[in-house]
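Enquirer: For reference, the structure I am asking about is given below.
Residue numbers (the working numbering): 1302 to 1534.
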């Protein structure tokens, strides 16, 4: 039986459940990685990365694998995938007692975080692991999408990245956080680059007809970095 690596403690609960369910289904199905590759459109090496927690699995991959396990597994896996790409619910800040001068409030923005893609960005976080851009040999050719049909898709395998531009960005000594926007697809996603390794991590795409109302955030070494107030470099 394949020994998968232990997921980092910083992995979001929804994402942890998704990976554990995928591992469980592989074990109970009796399929090897090679067998799984022949039954889906994703290669043996791609499935090893998904199940080992090295890369976030595309929805199509989870859909194809879930269909092999029957209706119950299929629905459960798709539900977990959808939950894992949703940004965490914001926590209401505590209100100070009788403030003399209320602090200035930043304009309301839609925030897309690296957490929505995978986990926290940091030395022990899953999202900081390398994300290879080369397509899997067995992967199908990308097809165009627009608006809601792009929701949750991986930008690395989508034609949406063809006209993508950096809407806003924030660069530190260790990481560069960018909000990427595709005008043709009306989608946004976050991109985080590790300056020391050159590795890129991208979140799944979200629908956003107006990118000026969005920002990309990532937690780097326990500090939240957001692009909303910084022009692209």
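Even for Gly, the Cβ is constructed at its ideal location relative to N, Cα and C. In this text, all values refer to a predicted model and were calculated from it rather than measured experimentally.
1) Tell whether a beta-carbon distance below 7 Å holds between residue 1378 and residue 1363.
2) Under the three-state reduction of DSSP, which class applies to residue 1356: helix, strand or coil?
3) For residue 1474 and residue 1457, which I take to be in contact (beta-carbon distance under 8 Å), what is that distance rounded to the nearest angstrom?
4) Do the region 1309 to 1324 and the region 1468 to 1485 touch if we need at least three Cβ pairs shorter than 8 Å?
5) Along the chain, where does the beta strand (DSSP E) that runs through residue 1480 open and close?
6) Please name the residue in 1343, 1339, 1349, 1340 whose C-alpha comes closest to that of residue 1306.
7) What does the alpha-carbon distance come out to for the pair residue 1329 and residue 1311?
8) Please go through the region 1305 to 1337 and give each complete alpha helix (DSSP H) segment of 4 or more residues, from N-terminal end onward.
9) Could you give the DSSP three-state label for residue 1435: helix, strand or coil?
10) When burial is assigned at 16 or more other CB atoms within 10 Å of the CB, is residue 1331 buried or exposed?
11) Identify every residue that forms a DSSP beta bridge with residue 1501.
12) By alpha-carbon positions, which one of 1333, 1309, 1313, 1450 ends up nearest to residue 1361?
13) Just the C-alpha distance for residue 1384 and residue 1494, rounded to the nearest angstrom, thanks.
14) Can we count residue 1460 as close to the ligand FMN, meaning its CB is less than 6 Å from some heavy atom?
15) Can you tell me the Cα-Cα spacing of residue 1452 and residue 1355, whole angstroms?
16) For the beta strand (DSSP E) containing residue 1470, name the first residue and the last one.
17) Measure the Cβ-Cβ separation of residue 1483 and residue 1465 and say whether it is below 7 Å.
18) Just verifying my parser: in three-state terms, what is the DSSP assignment at residue 1486?
19) Could you tell me the boundaries of the alpha helix (DSSP H) in which residue 1384 lies?
20) Classify residue 1333 as buried or exposed, calling it buried when 16 or more other Cβ atoms lie within 10 Å of its own Cβ.
21) Under a Cβ-count criterion, where at least 16 other Cβ atoms within 10 Å of its own Cβ denotes burial, should residue 1339 be classed as buried or exposed?
22) Nearest CA to the CA of residue 1316: which residue from 1344, 1387, 1371, 1376?
23) Tell me whether residue 1342 sits in a helix, a strand or coil according to DSSP, three-state version.
Expert: With the structure as the only source:
1) On the chain shown, residue 1378 is found 77 positions in, with the first residue counted as 1. On the chain shown, residue 1363 is found 62 positions in, with the first residue counted as 1. Yes, Cβ-Cβ distance for residue 1378 and residue 1363 is below 7 Å.
2) Locating residue 1356 in the chain shown gives position 55, counting from the first residue. Here residue 1356 sits in coil by DSSP.
3) Here residue 1474 corresponds to residue number 173 of the chain shown, with the count starting at 1. Here residue 1457 corresponds to residue number 156 of the chain shown, with the count starting at 1. Wrong, their Cβ atoms sit about 25 Å apart, outside the cutoff.
4) When Cβ pairs closer than 8 Å are counted between the two stretches, the region 1309 to 1324 is seen not to touch the region 1468 to 1485, the count staying below three.
5) Numbered from its first residue, the chain shown carries residue 1480 at position 179. Element bounds for residue 1480: 1476 to 1483.
6) By 1-based counting over the chain shown, the position of residue 1306 is 5. Checking every option, the nearest Cα to that of residue 1306 belongs to 1349.
7) Start at 1 with the first residue of the chain shown, and residue 1329 comes out as number 28. Start at 1 with the first residue of the chain shown, and residue 1311 comes out as number 10. The straight-line gap from Cα to Cα measures roughly 27 Å.
8) Within the region 1305 to 1337, the complete alpha helix (DSSP H) runs of at least 4 residues are 1314 to 1330.
9) Residue numbering aside, residue 1435 sits at position 134 when the chain shown is read from its first letter. Since pLDDT at residue 1435 reaches only 39, below the 50 mark, its modelled position is unreliable, and the value read off the structure follows with that caveat. Correct three-state label for residue 1435: coil.
10) Stepping through the chain shown from its first residue, residue 1331 is reached at position 30. Counting of Cβ neighbours within 10 angstroms places residue 1331 among the exposed residues, the total staying below 16.
11) The count along the chain shown starts at 1 and reaches residue 1501 at position 200. Residue 1501 pairs with 1494.
12) The residue given as residue 1361 occupies position 60 in the chain shown. Closest by C-alpha distance to residue 1361, out of 1333, 1309, 1313, 1450, is 1450.
13) Residue numbering aside, residue 1384 sits at position 83 when the chain shown is read from its first letter. Residue numbering aside, residue 1494 sits at position 193 when the chain shown is read from its first letter. Taking the straight line joining both Cα atoms gives about 24 Å.
14) Summarising the ligand content, the structure contains no ligands, and the ligand FMN is consequently not present.
15) Stepping through the chain shown from its first residue, residue 1452 is reached at position 151. Stepping through the chain shown from its first residue, residue 1355 is reached at position 54. Each residue's Cα considered, the two are about 22 Å apart.
16) As a working note, residue 1470 is residue 169 in the chain shown. Residue 1470 -> beta strand (DSSP E) spans 1466 to 1472.
17) As a first step, residue 1483 must be located in the chain shown, where it is residue number 182. As a first step, residue 1465 must be located in the chain shown, where it is residue number 164. Taking 7 Å as the cut-off, the Cβ atoms of residue 1483 and residue 1465 count as close.
18) By one-based count along the chain shown, residue 1486 stands at place 185. It is coil, neither helix nor strand.
19) Working through the chain shown from its first residue, we reach residue 1384 at position 83. It spans 1372 to 1385 - the alpha helix (DSSP H) in which residue 1384 sits, taken as one unbroken run.
20) Against the chain shown, residue 1333 aligns to sequence position 32. Exposed.
21) Taking the chain shown and counting its residues from 1, the one referred to as residue 1339 is at position 38. Per the 10 Å Cβ criterion, exposed.
22) Here residue 1316 corresponds to residue number 15 of the chain shown, with the count starting at 1. Per the Cα distances, 1387.
23) As a working note, residue 1342 is residue 41 in the chain shown. Coil at residue 1342, not helix or strand.
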